[in-house]
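Peer 1: Before anything else, here's the structure in question.
There are 2 protein chains.
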Amino acid sequence: MTITITAFESSPDRGRGMARDMRIRWALEEVGQPYDVRLLPFEALREPAHLALHPFGQIPTYEEGDLALFESGAIVLHIACCHAGLLPVDANGRARAVAWMFAALNTVEPVILEREAAGYLERGESWYAQRLPLMERRIHQRLGELSAHLGDAEWLDGAFSAADILMVTVLRRLESSTLLVSHANLGAYIARGKARPAYQRAFDAQLAVFKAAPAG
Amino acid sequence: MTITITAFESSPDRGRGMARDMRIRWALEEVGQPYDVRLLPFEALREPAHLALHPFGQIPTYEEGDLALFESGAIVLHIACCHAGLLPVDANGRARAVAWMFAALNTVEPVILEREAAGYLERGESWYAQRLPLMERRIHQRLGELSAHLGDAEWLDGAFSAADILMVTVLRRLESSTLLVSHANLGAYIARGKARPAYQRAFDAQLAVFKAAPAG
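This is how it looks when you write it as structure tokens:
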């Protein structure tokens with residue numbers, strides 16, 4: 001059955017692979033599953049046809065026969081459940097990998113996104129400069145905890161898993177800041193993720209979309 | 001095998017059931033699974049023994065034989081996977097329920113928590129009153145999308161599922177505000193969740209902990 005995902009026709013990150021379709025592309029590349037991409041202009045996100053697929057009007061969505069999914073975490077988990085290689089084979093190991101998937105999206109990503117969203121939406125406000133250190137302190141707290149857990153390990157919990165796809169893509173949001181500097185093992189962890197051939201194929205695919213996009 | 005979860009010895013919400021152990025208690029009550037609770041004072045959250053269970057120093061954790069989990073979403077999903085009644089039986093329905101679990105925690109909860117955290121941490125700051133409408137606009141956007149999806153339905157996607165446990169507990173964070181007033185079907189949805197006998201047993205159990213807690 002053909003898999004079709006949605007992505008931005010013209011990604012606001014100019015091809016840096018920060019949009020959430022990157023996670024899905026990476027997971028599909030890891031398991032060797034081909035996929036089609038339906039590109040959407042921003043105005044299409046609020047159209048009834050898209051809201052029927054994604055009630056919150058975002059990308060990515062995932063369609064495969066009768067199944068339609070949204071939420072990048074759920075889509076990556078679905079791919080990991082249907083194919084070997086992205087979750088441990090033992091039940092306890094799988095449950096732990098799922099815990100790390102939720103940790104990436106529910107414990108680490110929100111503090112990072114809060115700073116990112118403030119950068120877009122509140123940079124012109126009088127309080128922005130004063131609030132920035134507060135937001136960055138929260139990020140450092142989480143990064144410190146994550147760094148302490150990771151230690152010298154290659155991946156979050158044993159072998160590479162779907163949780164690493166989510167955590168690496170979450171941490172990459174900080175690449176353009178200096179926040180990762182004091183957590184060297186996290187920088188090396190991101191680099192390990194990006195060095196995987198599946199990551200590189202996924203990155204190149206989304207970059208090709210940006211390069212082909214109508215000038216914005 | 002005995003299930004042991006962790007919870008606050010003295011919950012900061014004074015027994016209103018807002019701490020994340022409530023989600024786990026509710027799920028376990030829905031499937032009729034008994035459990036033990038290990039109560040932790042706040043200072044224990046940063047001790048090595050607890051950080052080994054929960055790398056981010058939070059509650060709840062979940063222990064069952066050799067398995068140790070953290071992240072309330074992952075714990076609820078683990079319970080739902082191991083027992084009948086909290087996920088549809090067909091594979092596509094299960095994948096959709098998981099999508100709604102991630103939506104509750106990754107799309108709806110962060111905007112609600114940002115406002116809640118600002119209330120705790122920034123209420124004394126000069127910008128608090130100016131930022132409040134910005135934060136509330138983001139919440140209304142998400143609530144409006146959720147309300148449009150729910151319509152007249154009882155639950156998020158067909159029968160009651162683990163996703164409703166997460167979404168109801170997320171939305172309950174707004175009960176003490178007026179933000180839900182303009183989304184009447186969401187208020188009714190929360191009320192349906194709270195009317196379930198399993199919810200009530202879980203609520204009473206966490207309230208009993210608060211009432212028995214040493215005066216703080």
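If you're matching them up, the sequences are chains W and G in order.
With full-length UniProt numbering, the residue at position 74 of the first sequence is 74, and numbering never jumps.
With full-length UniProt numbering, the residue at position 171 of the second sequence is 171, and numbering never jumps.
Heads up, the beta-carbon is just placed ideally off N, CA and C, and yes, glycines get one too.
Evaluate the contact criterion for the stretch 88 to 98 of chain G versus the stretch 16 to 31 of chain G: three or more CB pairs, one atom per stretch, below 8 Å.
Peer 2: no
Peer 1: Whole angstroms is fine: what's the gap from D21 (chain G)'s alpha carbon to G119 (chain G)'s?
Peer 2: 22 Å
Peer 1: So T107 (chain G) and R142 (chain G) are supposed to be a Cβ contact under 8 Å. How far apart are they, rounded?
Peer 2: Contact flag correct, Cβ pair sits at about 7 Å.
Peer 1: In the DSSP output, what is A7 (chain G) paired with across the bridge?
Peer 2: BP columns for A7 (chain G) point to G:L39.
Peer 1: Relative to chain W, which residues along the stretch 62 to 81 of chain G have a C-beta separation below 7 Å, given in chain order?
Peer 2: For the stretch 62 to 81 of chain G, which is checked against every Cβ of chain W, the residues closer than 7 Å are D66, L67, L69, F70, E71, G73, A74, L77, H78.
Peer 1: List the endpoints of the continuous alpha helix (DSSP H) containing E29 (chain W).
Peer 2: 21 to 30
Peer 1: To the nearest angstrom, how far is it from the Cα of G65 (chain W) to the Cα of P34 (chain W)?
Peer 2: When rounded, the distance between both Cα atoms is 14 Å.
Peer 1: Alpha carbons only, please: which of G:Q206, G:H54, G:C81, G:L180 is nearest the one belonging to M18 (chain G)?
Peer 2: G:Q206
Peer 1: Cα separation between R38 (chain G) and L77 (chain G)?
Peer 2: 21 Å
Peer 1: Compare the C-alpha of G85 (chain W) against each of W:T4, W:F8, W:E30 and name the closest.
Peer 2: W:E30
Peer 1: Specify, as a first and last residue, the run of the alpha helix (DSSP H) that E154 (chain W) falls within.
Peer 2: Run containing E154 (chain W): none; DSSP gives neither H nor E here.
Peer 1: Roughly how many angstroms separate the alpha carbons of F203 (chain G) and L166 (chain G), rounded to a whole number?
Peer 2: Computed Cα separation, rounded: 14 Å.
Peer 1: Count Cβ pairs between the stretch 54 to 65 of chain W and the stretch 1 to 13 of chain W that sit closer than 8 Å; are there 3 or more?
Peer 2: Judged by Cβ distances under 8 Å, the stretch 54 to 65 of chain W makes contact with the stretch 1 to 13 of chain W, as three or more pairs qualify.
Peer 1: Relative to the C-alpha of V170 (chain W), which candidate in W:L134, W:V111, W:P41 has its C-alpha closest?
Peer 2: W:V111
Peer 1: Tell me, please, which residues DSSP counts as bridged to Y62 (chain G).
Peer 2: G:I5, G:L69
Peer 1: Can a CB atom of chain W be found closer than 8 Å to the CB of G57 (chain G)?
Peer 2: yes
Peer 1: Can you pull out the residues from the stretch 129 to 154 of chain G whose beta carbon lies closer than 8 Å to at least one beta carbon of chain W?
Peer 2: Q130, R131, L134, R142, E145, L146, A148, H149
Peer 1: Do M101 (chain W) and A52 (chain W) have their C-beta atoms within less than 8 Å of each other?
Peer 2: no
Peer 1: Would you kindly work out how many angstroms separate the C-alpha atoms of R172 (chain G) and A117 (chain G), rounded to a whole number?
Peer 2: 15 Å
Peer 1: Quick check on the burial criterion: 16 or more other C-beta atoms within 10 angstroms. Buried or exposed for P214 (chain G)?
Peer 2: Looking at its Cβ environment, which holds fewer than 16 other Cβ atoms inside 10 Å, P214 (chain G) is exposed.
Peer 1: Please classify G193 (chain W) as buried or exposed, where buried requires at least 16 other C-beta atoms within 10 Å of its C-beta.
Peer 2: buried
Peer 1: So, at 7 Å on beta carbons, what are the nonlocal neighbours of L146 (chain G) in its own chain, with the 5 sequence-adjacent residues on each side left out?
Peer 2: V108, L186
Peer 1: In terms of residue numbering, what span does the alpha helix (DSSP H) encompassing residue 233 (chain W) cover?
Peer 2: Because chain W in this structure spans residues 1 to 216, residue 233 (chain W) falls outside the shown range and cannot be described.
Peer 1: Look up R16 (chain W) in the DSSP assignment and say whether it is helix, strand or coil.
Peer 2: coil
Peer 1: Determine, for L113 (chain G), whether the minimum Cβ-Cβ distance to residues of chain W falls below 8 Å.
Peer 2: yes
Peer 1: Give every residue of the same chain whose Cβ lies closer than 8 Å to the Cβ of I190 (chain G), excluding the five residues on either side of it in the sequence, and list them in chain order.
Peer 2: V168, L171, R172, E175, L180
Peer 1: Can you find a C-beta in chain W that's less than 8 Å from the C-beta of P34 (chain G)?
Peer 2: Output row for P34 (chain G): interface = no.
Peer 1: Using a beta-carbon distance below 8 Å, is A184 (chain W) in contact with chain G?
Peer 2: Not an interface residue.
Peer 1: Pull up the distance between the alpha-carbon of F42 (chain G) and that of E9 (chain G), whole angstroms please.
Peer 2: 8 Å
Peer 1: Kindly list the residues whose CB is nearer than 7 Å to the CB of I139 (chain W), restricted to its own chain and excluding five residues on each side of it in sequence; keep chain order.
Peer 2: For I139 (chain W), where only same-chain residues beyond five positions count, the Cβ hits under 7 Å are V111, I112, R115, L179.
Peer 1: Please report the residue range of the alpha helix (DSSP H) in which P110 (chain W) lies.
Peer 2: That run of the alpha helix (DSSP H) goes 109 to 121.
Peer 1: Consider the Cβ of T169 (chain G): report whether some Cβ of chain W lies at a distance smaller than 8 Å.
Peer 2: no
Peer 1: Going by alpha carbons, who is nearest to G57 (chain W) out of G:C82, G:G144, G:K211?
Peer 2: G:G144
Peer 1: By the criterion of Cβ-Cβ separation under 9 Å, what are the contact partners of L105 (chain W) in chain G?
Peer 2: G73, F102, L105, N106
Peer 1: CB-CB under 7 Å to E154 (chain G), same chain, minus the five flanking residues each way: which ones, in chain order?
Peer 2: R192
Peer 1: Which residues bound the alpha helix (DSSP H) around F102 (chain W)?
Peer 2: 91 to 102
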